[in-house]
Amino acid sequence: MKIPVGVLGATGVVGQRFLSLLDQHPWFEPVWLAASDRSAGKTYAEAARWRLATPMPERFAAMTVSEATPKSCGARIVFAALDAAFAREIEPAFAAAGHAVISNSSALRMVEDVPLLVPECNPDHLGLIERQASFKKNGGFVVTNPNCSTIGLVLALAPLQQAFGLESVLAVTMQAVSGAGYPGVASLDILGNVVPYIGGEEEKMETEAQKILGRLTPQGIAPGGFAVSAHCNRVAVEDGHMESVSVKFKSRPSLAEVEAALRNFRGRPQELELPTAPPAPILVTNAPDRPQPRFDRDAGKGMAATVGRLRPCPILGYKFTVLSHNTLRGAAGAALLNAELLYAEGRL
Numbered sequence: 001m002k003i004p005v006g007v008l009g010a011t012g013v014v015g016q017r018f019l020s021l022l023d024q025h026p027w028f029e030p031v032w033l034a035a036s037d038r039s040a041g042k043t044y045a046e047a048a049r050w051r052l053a054t055p056m057p058e059r060f061a062a063m064t065v066s067e068a069t070p071k072s073c074g075a076r077i078v079f080a081a082l083d084a085a086f087a088r089e090i091e092p093a094f095a096a097a098g099h100a101v102i103s104n105s106s107a108l109r110m111v112e113d114v115p116l117l118v119p120e121c122n123p124d125h126l127g128l129i130e131r132q133a134s135f136k137k138n139g140g141f142v143v144t145n146p147n148c149s150t151i152g153l154v155l156a157l158a159p160l161q162q163a164f165g166l167e168s169v170l171a172v173t174m175q176a177v178s179g180a181g182y183p184g185v186a187s188l189d190i191l192g193n194v195v196p197y198i199g200g201e202e203e204k205m206e207t208e209a210q211k212i213l214g215r216l217t218p219q220g221i222a223p224g225g226f227a228v229s230a231h232c233n234r235v236a237v238e239d240g241h242m243e244s245v246s247v248k249f250k251s252r253p254s255l256a257e258v259e260a261a262l263r264n265f266r267g268r269p270q271e272l273e274l275p276t277a278p279p280a281p282i283l284v285t286n287a288p289d290r291p292q293p294r295f296d297r298d299a300g301k302g303m304a305a306t307v308g309r310l311r312p313c314p315i316l317g318y319k320f321t322v323l324s325h326n327t328l329r330g331a332a333g334a335a336l337l338n339a340e341l342l343y344a345e346g347r348l
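Residue numbers (our numbering): 1 to 348.
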């Protein structure tokens, strides 16, 4: 029997991604959909303006949208796709009421006892759940996934940190417009243009990478201990965040050793063969002009990061380009993979 789950913020684009991914999921069954007060009481088909290329799953269309309150929720596990301003109050309320909240929001990512999880990189950070004293009484907890640009970066950095130790990282992003949600960036601002500022994005990348690649200690997460500098840009691409990255290592590996570390990287999701996990979280291409969003964003059904143009950097040591799908690996797919790991580890 499948596990009943709910979706908070079900009518938004990320909520729609959740439902698309959950439609045929082998473990989870959506039984409760919630959104804003203006949507509550309507059928999902009436409340949601479907934005995905695939059709709205028929079985969700007739479901009634509920209020976003714990008392209305009939599922212990809740996927949350909320704006940070709302998530900051709503997610702790659900956790305190005994729900397992699997969040895509930025609101609680940097809270000391909340795991900021990329399952291939830091599965041991789930140990923080035991320290969420404010929710523990009723068995609830919160687990978050990182910012959409951070996920692609840390997937590439994790095997390099493990193998060689990171000293400093410089990342320049070219981020798709879908990362801004709907309606997102105005067409007159982005068409034929590049916007070299995304509010709060650079700070998120720099701090989240440190937490994800940090060590779990009895006192909490000890930061990764390497310097990160991020430059974030919005470009006229529909889906797929591309990042040009330069890295300096504590050791001096050869180019072949760096490539092998990336190619051979596997994590707990691959070991457990989780349903949403790609067979390899990192794909390495030797083509001189790849990765490209049009051709590579759907690698591993949108859950793998593609690394290309790996070469020496005359300043830091090595440089490469990494591409990941920002609304799959960077949002709903990331949260779903987190839930699968929780289930496989016996935490649901």
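Heads up, the beta-carbon is just placed ideally off N, CA and C, and yes, glycines get one too. Since this is a predicted model, take the numbers as computed values, not measurements.
Practice prompt. Could you tell me how far apart the beta carbons of Val284 and Ala209 are, in whole angstroms, since I believe they sit closer than 8 angstroms?
Written response: Not a contact, Cβ separation roughly 20 angstroms.
Worksheet entry | Which of helix, strand or coil DSSP assigns to Lys250 | Residue state, collapsed to three classes: coil.
Worksheet item: How many Å lie between Ala156 and Leu262 at the Cα?
Response: 7 angstroms
Worksheet item: Per DSSP, Ile102 is paired with what?
Response: Phe79, Val143
Fill in: For Phe226, the three-state DSSP class (helix, strand or coil)
The answer is coil: DSSP assigns Phe226 none of H, G, I, E or B.
Fill in: Pairwise C-alpha distance: Arg290 and Glu89
Rounded to whole angstroms, Glu89 to Arg290 spans 42 angstroms at the Cα level.
Worksheet item: Whose C-beta lies closer than 8 angstroms to the C-beta of Thr354 among residues of the same chain, with five residues either side of it excluded?
Response: Because the chain spans 1 through 348 in this model, residue 354 falls outside it and cannot be assessed.
Item to complete: Report buried or exposed for Gly200, applying the criterion of at least 16 other Cβ atoms within 10 angstroms of its Cβ.
Response: Answer is exposed; the Cβ neighbour count stays below 16.
Worksheet item: Hey, is Ile190's beta-carbon within less than 7 angstroms of any beta-carbon in chain B?
Response: Judged by its chain identifiers, the structure shown contains no chain B, having just a single protein chain.
Worksheet item: Between Ala163 and Gly181, what straight-line distance do the alpha-carbon atoms span, to the nearest angstrom?
Response: 36 angstroms
Worksheet item: Can Ala305 and Ile282 be called in contact, C-beta distance under 7 angstroms?
Response: yes
Item to complete: Work out the CA separation of Ala45 and Glu29 for me, nearest whole Å.
Response: 18 angstroms
Worksheet item: Does the distance from the CB of Ile190 to the CB of Ala236 come in under 7 angstroms?
Response: yes
Discussion item. Suppose the cutoff is 7 angstroms on Cβ atoms and the five residues either side in sequence are ignored; what does the same chain contact list for Met1 look like?
Written reply: none
Practice prompt. Determine the burial state of Arg294: buried for a count of at least 16 other Cβ atoms within 10 Å of its Cβ, exposed for fewer.
Written response: exposed
Worksheet item: Are the Cβ atoms of Gly240 and Ala334 separated by less than 7 angstroms?
Response: no
Practice prompt. Out of Val195, Asp124, Ile77, Asn104, state which residue places its alpha-carbon closest to the alpha-carbon of Arg17.
Written response: Asn104
Discussion item. Quick check on DSSP: helix, strand or coil for Asn193?
Written reply: The DSSP-derived three-state label of Asn193 is coil.
Item to complete: Could you check the C-alpha separation between Pro218 and Asn122 for me, to the nearest Å?
Response: Their backbone Cα atoms lie some 16 angstroms apart in a straight line.
Discussion item. Using C-beta distances below 7 angstroms, list every residue in its chain close to Gly165, excluding the 5 sequence neighbours before and after it, in chain order.
Written reply: Phe249, Lys250, Ser251
Fill in: Top-ranked residue by Cα proximity to Asp83, from Val194, Lys211, Thr321, Gly179
Nearest of Val194, Lys211, Thr321, Gly179 to Asp83, Cα basis: Gly179.
Worksheet item: Can you tell me the Cα-Cα spacing of Leu85 and Gly192, whole angstroms?
Response: One detail in the question is off: residue 85 reads as Ala in this sequence, not Leu. Ala85 and Gly192: Cα-Cα distance of roughly 32 angstroms.
Worksheet item: Where Leu170 and Thr11 are concerned, what is the direct C-alpha to C-alpha distance, given to the nearest angstrom?
Response: 36 angstroms
Worksheet entry | For His99 and Arg76, believed in contact at Cβ under 8 angstroms, the rounded distance | Indeed, because the Cβ distance is near 6 angstroms, the residues count as touching under 8 angstroms.
Item to complete: Report the residue ranges of all alpha helix (DSSP H) runs contained in full by the stretch 270-333; include only those spanning at least 4 residues, in chain order.
Response: Fully enclosed alpha helix (DSSP H) runs of 4 or longer: 293-296.
Discussion item. Restricting to Cα atoms, I'd like to know which of Ser168, Pro269, Ile221, Arg215 is closest to Ala230.
Written reply: Ser168
Practice prompt. Compare the beta carbon distance of Ala339 and Ile102 with 7 angstroms and say whether it is the shorter of the two.
Written response: Result yes, Cβ atoms of Ala339 and Ile102 sit closer than 7 angstroms.
Discussion item. Less than 8 angstroms between C-beta atoms, sequence neighbours within five positions excluded: which residues of the same chain meet that for Val114?
Written reply: Leu108, Leu128, Gln132, Val142, Val143, Thr144
Practice prompt. Rounded to whole angstroms, what's the CA-CA distance from Cys148 to Lys42? Just pull it up for me.
Written response: 31 angstroms
Item to complete: Could you tell me which uninterrupted beta strand (DSSP E) segments, each at least 3 residues in length, are contained entirely in the stretch 159-203, listed from first to last along the chain?
Response: DSSP assignment within the stretch 159-203 yields the following whole beta strand (DSSP E) runs of 3 residues or more, N-terminal first: 166-175.
Fill in: Local conformation of Val154 per DSSP, three classes
In the structure shown, Val154 sits in a helix (DSSP, three-state: H, G or I).
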